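The structure under discussion appears below in the form of structure tokens.
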Amino acid sequence: MNCLVCRKPFAIPWSPATLLKRDWVCPDCEGRLTPIISGCPRCGHPTEDGATCDDCIRWLALGLDLTVRSLYLYDEAGVNWLHRYKFGGDVVLANQMRPVLRQLREPDVVYVPIPLSEERLRTRRFNQAEVLARLIGPMERTLVKAEVSSQRELGKEERRHRANPFTVQRLPRCGKIVLVDDVYTTGTTLHQAALTLRRAGVEQVSAVCLFRTLNKLKMRPI
Ligand SMILES: [Zn+2]
Ligand SMILES: [Zn+2]
């Protein structure tokens, strides 16, 4: 059996359950991700004494109040994992996250994945955030995302004025929504999506993200 993350062969003890199991991750890779257990209470970024991080302070100054529960640091192991899952198309790898995601489930909440644009969905064939959302609880496709040129193709000025790509496809059947995404990089995506839902009348919006990056936030007005 080869590990889905590092591709190295490893031995597995035989049991009837092993016949059905397909999400093989070796013991080395299993314990390599770094769980976020303290840090900024609004996004999980490491901070001293659990203070709110500079990035969140800046979002708050813009009047954007969103709490994001991030599960793991986007360190080398996190990058490897996400690369296999998202770009390698190993959808089954998400099952490794099932226990930790299921623990997040709350009553009377709808989990809304950050959508991919139609074009991106065609090339990737699956929405990585939607698979994660389904593992937490009831999932609804509430938002749609318009195609936007990649950041590299945009000029500095264009990037600054880039419009919010999200629109509400249909209102969710409950007033409490948790957005789900795979990685929190600049926070722009989640804040744009939250703003769109709030403007449409959704009362409570928060978010869950599998990974939190450690790089400095480059914010754009939204
Ligand atoms: Zn491995
Ligand atoms: Zn923060």
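FYI, in my numbering the residues of the sequence shown are 74 to 295. The C-beta atom is built at its ideal place from N, Cα and C for all residues, glycine as well. Predicted, not measured: the structure shown is a model, and the values here were computed from it.
Can you give me the C-alpha to C-alpha distance between residue i and residue j, rounded to a whole angstrom?
i: A280; j: R142; result: 6 Å
i: Q169; j: R243; result: 31 Å
i: L166; j: V204; result: 10 Å
i: L177; j: R193; result: 28 Å
i: T120; j: D181; result: 32 Å
i: T215; j: A273; result: 11 Å
i: I85; j: W97; result: 9 Å
i: R175; j: A236; result: 34 Å
i: V278; j: H264; result: 10 Å
Once the 5 residues before and after residue i are set aside, which same chain residues still bring their CB inside 7 Å of it?
i: R80; result: none
i: F83; result: M74, C76 and C99
i: F199; result: V164
i: V256; result: Y147, L155, C282, L283, F284 and T286
i: T262; result: I187 and D254
Less than 8 Å between the CB atoms is what I'm expecting for residue i and residue j, so what's the real figure, rounded?
i: D159; j: L189; result: The question names Asp, but residue 159 is Lys in the sequence shown. The Cβ separation is near 11 Å, so there is no contact.
i: L252; j: V173; result: No, L252 and V173 are not in contact; Cβ-Cβ is about 18 Å, not under 8 Å.
i: Y145; j: P108; result: 6 Å
i: F284; j: G151; result: 5 Å
i: L268; j: L137; result: 7 Å
i: G260; j: D128; result: 6 Å
Given residue i, which residues of its chain have a CB within under 8 Å of its CB, disregarding the five upstream and five downstream residues?
i: E276; result: G248 and K249
i: D163; result: L77 and R157
Where do the ends of the beta strand (DSSP E) carrying residue i lie?
i: L155; result: Unbroken run through L155 is the alpha helix (DSSP H), E149 to L155; no beta strand (DSSP E).
i: T240; result: F239 to V241
i: I250; result: K249 to Y257
i: R214; result: From DSSP, R214 is part of no beta strand (DSSP E); its letter is neither H nor E.
i: V185; result: V183 to P186
i: S68; result: For residue 68 there is no data in the structure shown, the boundaries of the chain being 74 and 295.
From the DSSP output, in three-state form, read off residue i for me.
i: F284; result: strand
i: P172; result: helix
i: R195; result: helix
i: P100; result: helix
i: R115; result: coil
i: V106; result: Here residue 106 turns out to be Leu, not Val, going by the sequence shown. Correct three-state label for L106: coil.
i: L244; result: coil
i: K81; result: coil
i: V164; result: helix
So residue i is in the alpha helix (DSSP H); what residue range does that whole segment cover?
i: L133; result: D127 to A134
i: I209; result: Q201 to I209
i: R272; result: T261 to R272
Can you find the residues in the same chain that come closer than 6 Å, C-beta to C-beta, to residue i, ignoring five residues on each side of it along the sequence?
i: M212; result: Y184 and A206
i: T286; result: Y147 and T258
i: T125; result: C113 and R115
With 7 Å set as the bound, which would you pick, yes or no: does the beta-carbon of residue i sit closer than that to a beta-carbon of chain B?
i: V185; result: Given the protein chain composition of this structure (a single chain), no chain B is represented.
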